[in-house]
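Chains as they are written, first to last, in the UniProt record's numbering: chain A, 1 to 506; chain B, 1 to 502. Note that CB positions come from ideal geometry on N, CA and C, so glycine has one too. Just below is one structure, and these are the notes that go with it.
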């Protein structure tokens with residue numbers, strides 16, 4: 001019998017539909033895998049075996065009764081810990097929310113539950129999604145299944161590691177500047193950031209409201225499209241949510257056709273500054289698309305080089321305000337100031353925020369508070385918004401010439417844990433190629449393009465599409481994926497080392 | 001009780017002899033929408049603390065706001081009624097500051113893009129003249145929670161042992177209406193302030209967008225006051241007196257601040273820019289917290305909300321729903337009812353325009369309607385410390401009572417007895433008159449007999465009347481009425497007496 005955990009979500013769904021396996025079996029298999037390897041990987045902050053199995057039983061009963069089932073009914077999933085799950089702890093990787101159990105579900109969680117998808121648990125992340133390595137998690141970093149000494153990316157490294165380590169066939173990530181796509185790139189998995197407004201943000205603990213977007217973390221492009229369809233679509237609880245049906249992403253992923261499509265290589269986000277092995281796999285992938293009938297054009301988006309600077313003003317500004325609610329008054333960590341008898345509310349707020357937030361969070365709150373201050377607003381936040389407009393114009397011009405844009409997802413393969421922790425700028429540069437999509441609200445997808453020759457670690461290929469045209473990136477991604485599978489004779493994750501199962505009981 | 005040293009104040013006339021007052025009035029109005037500004041929670045006043053809350057208005061992690069469309073419509077209607085321009089496109093902004101009664105530690109408000117701007121309101125003053133108050137803006141925002149500071153002597157946060165917060169109020173839709181600096185009111189500044197708030201209250205009531213109850217806090221006024229030497233161009237430093245919660249207090253607080261500022265300035269001092277607290281009991285303000293223009297709320301556009309863009313068609317449709325402006329309505333009704341200016345002002349001050357209109361519509365004469373509501377009923381209400389609306393007397397009942405008098409069934413004193421019965425809950429005026437057997441005697445025979453009897457019994461008085469002192473007949477009428485036990489038509493008695501004596 002095949003190992004269920006090695007199957008893609010679509011394959012599990014097929015076997016569930018054929019009643020070859022049950023959802024309880026699929027869920028249990030993943031729970032067992034988590035028990036075996038997560039001591040090393042540390043993808044999860046919280047595992048909800050009981051809840052997942054109950055949902056699995058319910059999914060099996062639904063199917064047995066002949067009730068309506070969706071494409072992914074019964075397929076288990078992991079959810080990034082920044083997403084509110086009723087009855088399950090939600091910490092956003094912060095001490096500030098240690099032990100907080102939301103009294104409500106995020107809209108996307110409501111949709112997962114309605115679709116009958118058992119939620120295995122909550123995945124690790126950089127605190128409040130600030131980081132590119134999970135090293136800023138208050139609960140310790142996650143480890144890359146390709147090399148446990150390396151990062152699985154961030155902020156959603158827990159989700160990418162869980163999927164790459166076969167602890168979950170699917171996971172939810174959130175992407176504010178690349179937190180779905182960069183982890184996907186460095187773990188040899190697939191990650192998609194839908195168009196801004198394509199998936200409801202209701203229940204996502206906000207980092208930067210105008211940039212945040214939830215999306216799928218998977219091992220295949222089709223799986224990502226299937227999950228996108230479940231969680232996407234208009235939500236009246238999120239006024240920035242798009243009032244339109246989900247684009248035909250599944251259809252595009254199944255068709256995997258690039259014939260006659262114009263693929264635009266963005267001059268500014270490839271080549272120089274990118275690791276040679278990353279660049280080489282990128283160029284080969286472009287050639288594979290050409291072989292399949294696509295046409296290549298080079299486009300220039302000169303303002304993309306300003307993206308990182310604009311991003312690191314807009315994000316901290318919004319974050320400084322979004323994180324103000326963590327003040328120890330109503331929920332979360334509360335500590336009294338040292339040596340103060342009957343402290344004031346203000347003193348408790350200050351002491352709690354000092355104790356509850358990590359360094360990176362404090363750094364960004366201070367940056368954002370400064371950038372929004374009167375007298376500085378125009379020079380910082382105001383200018384950054386102008387850059388944002390220019391980036392959107394560059395995208396619009398580029399999409400005149402090309403149907404989709406492509407680039408390497410991240411400049412390097414997975415770096416070593418500890419390597420960049422004391423160098424915020426080096427850490428920030430990981431997102432150089434992914435940030436423009438968030439600033440402009442366009443969708444982006446990362447899929448594996450192979451492994452770099454120099455270190456044998458996975459490399460990522462990014463496809464960007466015009467807003468609301470998410471299906472285009474799925475079509476191109478699926479075509480490239482098919483070509484690569486043919487070339488390699490199997491998925492890139494087959495090249496990853498086997499993790500040794502631990503005897504320890506978690 | 002507040003423990004403060006009293007500030008020096010200058011007599012009002014002396015203050016005005018040297019200085020011109022300048023005011024800026026900020027009025028917060030809680031909209032009467034069924035749900036809150038950004039979530040579906042109820043807005044009902046007086047519910048148990050924290051029972052009308054949800055993840056959104058509690059600011060729980062992950063929750064998002066959605067704009068209440070009805071609140072936007074109310075804001076547009078208020079803007080239109082204040083002769084404002086309506087923004088074709090505007091955004092909410094975050095006003096960032098930390099306070100325990102603010103769940104998100106920012107207030108979702110509007111900053112440089114208010115929904116309505118550049119308007120005016122004409123307000124009637126006591127002498128019948130009109131003063132135009134220019135409106136700078138009206139913008140939408142959410143209310144904060146309500147803090148209750150327990151254990152201190154002042155009821156304020158400083159010195160309190162602990163504080164309780166009720167988030168039922170958090171997220172209630174507010175409209176803040178801000179005037180431009182009100183210049184040129186001179187000695188009438190306090191009156192203008194009161195008249196403005198009063199006119200605004202009438203307008204909002206007519207729009208039916210708020211219950212505008214100042215005592216419940218659904219309408220709150222902050223009064224900015226500054227003085228400049230008479231004739232000077234440059235404005236002085238202002239103080240902002242917060243939460244002045246009655247019309248009378250608005251007038252008193254402005255007057256007090258004028259006198260206090262003048263004393264400080266005359267003494268060579270300078271005004272500290274600060275908020276002030278108004279104390280109803282002492283009739284004085286005390287220092288609050290310093291407030292400078294450098295207060296940095298780090299405003300930025302609210303990224304969780306899409307811009308509000310009221311379509312032209314919507315604005316025009318809402319314009320069509322505006323009620324007649326209170327001032328025009330007043331003029332129209334005064335003409336229709338034939339009231340003198342003085343009578344109309346009494347009616348207005350009694351807040352009885354609406355109820356008189358209903359009473360006239362129910363068939364009463366305008367004069368009778370005014371007499372009952374601002375006379376007999378107002379007198380009774382005052383005596384009992386109530387409002388006329390506390391009595392179970394409806395406009396229809398008053399019209400019915402007026403009809404009973406007009407048809408000759410009741411005289412005035414009987415009508416007052418009937419009113420007693422109506423107020424006591426004995427039913428309609430007709431029912432009360434029936435039950436109490438109150439009816440003028442229509443039998444002329446009995447009246448004539450009584451007249452003859454009274455003339456015979458009072459020959460001296462009768463002679464005076466015969467001699468031409470007609471006013472003496474009053475004494476005889478009184479005797480006749482007494483003989484008839486009050487149930488006679490006094491007019492008819494007079495008529496018969498004069499017939500016989502002249």
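Endpoints, the beta strand (DSSP E) within which residue 278 of chain B is located | 274-279
Residues bridged to residue 149 of chain B [DSSP beta-bridge criterion] | B/163
Identify the continuous alpha helix (DSSP H) that holds residue 394 of chain A and give its terminal residues.
-> 383-401
If you measure beta-carbon to beta-carbon, which residues of the stretch 43-72 of chain B are closer than 9 Å to chain A?
-> 54, 55, 56, 58, 59, 60, 61, 62, 63, 64, 65, 66 and 67
In the DSSP assignment, what residue or residues form a beta bridge with residue 150 of chain A?
-> A/416
When you compare each of B/55, B/134, B/244 and B/266 to residue 10 of chain B by their alpha carbons, which one comes out closest?
-> B/266
Please report how far the alpha carbon of residue 213 of chain A lies from the alpha carbon of residue 335 of chain A, in whole angstroms.
-> 32 Å
Spatial neighbours of residue 252 of chain A in its chain, beta-carbon cut-off 6 Å, leaving aside the 5 residues before and after = 471, 474 and 475
Closest Cα partner of residue 143 of chain B within the set B/168, B/212, B/179 and B/130 = B/168
Residue 265 of chain A versus A/453, A/245, A/275 and A/289, residue with shortest Cα-Cα distance | A/289
Return yes when the Cβ of residue 103 of chain B is within less than 8 Å of the Cβ of residue 47 of chain B, no when it is not.
-> no
Buried/exposed call for residue 374 of chain A, threshold 16 Cβ in 10 Å = exposed
In whole angstroms, what separates the C-alpha of residue 67 of chain B from that of residue 38 of chain B?
-> 5 Å
Taking only runs that begin and end inside the stretch 154-239 of chain B, name each unbroken alpha helix (DSSP H) of 4 or more residues, in chain order.
-> 189-207
Could you name the residues of the same chain whose beta carbon sits closer than 7 Å to that of residue 29 of chain A, not counting the 5 residues immediately before and after it, in chain order?
-> 4 and 5
Can you tell me the Cα-Cα spacing of residue 414 of chain B and residue 57 of chain B, whole angstroms?
-> 58 Å
Taking residue 306 of chain B as the query, report the chain A residues whose CB atoms sit under 8 Å from its CB, ordered along the chain.
-> 239 and 240
C-alpha distance - residue 448 of chain B paired with residue 461 of chain B, whole-angstrom precision = 18 Å
Whole-number beta carbon distance between residue 45 of chain A and residue 123 of chain A, since they are thought to touch under 8 Å | 7 Å
Pick from A/430, A/209, A/346 and A/59 that is closest to residue 414 of chain A, judged by C-alpha positions = A/430
When burial is assigned at 16 or more other CB atoms within 10 Å of the CB, is residue 379 of chain B buried or exposed?
-> exposed
Between the C-alpha atoms of residue 90 of chain A and residue 84 of chain A, what's the straight-line distance to the nearest angstrom?
-> 6 Å
Which of helix, strand or coil DSSP assigns to residue 489 of chain A = coil
Can you list, in chain order, the residues of its chain whose CB lies under 7 Å from that of residue 426 of chain B, leaving out five sequence neighbours each side?
-> 432 and 435
The beta strand (DSSP E) with residue 217 of chain A in it runs from where to where?
-> 214-218
Under 7 Å between beta-carbons, which chain A residues line up against residue 296 of chain B? List them in chain order, please.
-> 373 and 374
Could you work out which residues of chain B lie near residue 196 of chain A, taking near to mean beta carbons separated by less than 8 Å?
-> Within 8 Å Cβ-Cβ: nothing; residue 196 of chain A doesn't reach chain B, min ~11 Å.
What is the DSSP secondary structure of residue 331 of chain A, counted as helix, strand or coil?
-> coil
Is the stretch 400-413 of chain A in contact with the stretch 297-308 of chain A, if contact means three or more CB pairs nearer than 8 Å?
-> yes
Using the Cα positions of residue 173 of chain A and residue 67 of chain A, report the straight-line distance between them to the nearest angstrom.
-> 29 Å
Let me know the secondary structure DSSP gives residue 400 of chain B once reduced to three states.
-> helix
Verify the CB distance criterion: does residue 205 of chain A have a CB-CB separation below 8 Å to chain B?
-> yes
Give the range of the alpha helix (DSSP H) segment to which residue 262 of chain A is assigned.
-> First-last for residue 262 of chain A: 262-266, but that is the beta strand (DSSP E), not the alpha helix (DSSP H).
Going along chain B in order, which residues have a C-beta closer than 9 Å to the C-beta of residue 330 of chain A?
-> 58, 59, 60, 100, 103, 165 and 167
Apply the 10 Å Cβ neighbour rule to residue 2 of chain B and answer buried if 16 or more other Cβ atoms are within range, or exposed otherwise.
-> Legend: pLDDT at residue 2 of chain B = 41, less than 50; position of this residue unreliable, value from coordinates given subsequently. It is exposed - the Cβ of residue 2 of chain B has fewer than 16 other Cβ atoms within 10 Å.
Label residue 302 of chain B either buried or exposed according to how many other C-beta atoms from any shown protein chain fall within 10 Å of its C-beta, with 16 as the threshold for buried.
-> buried
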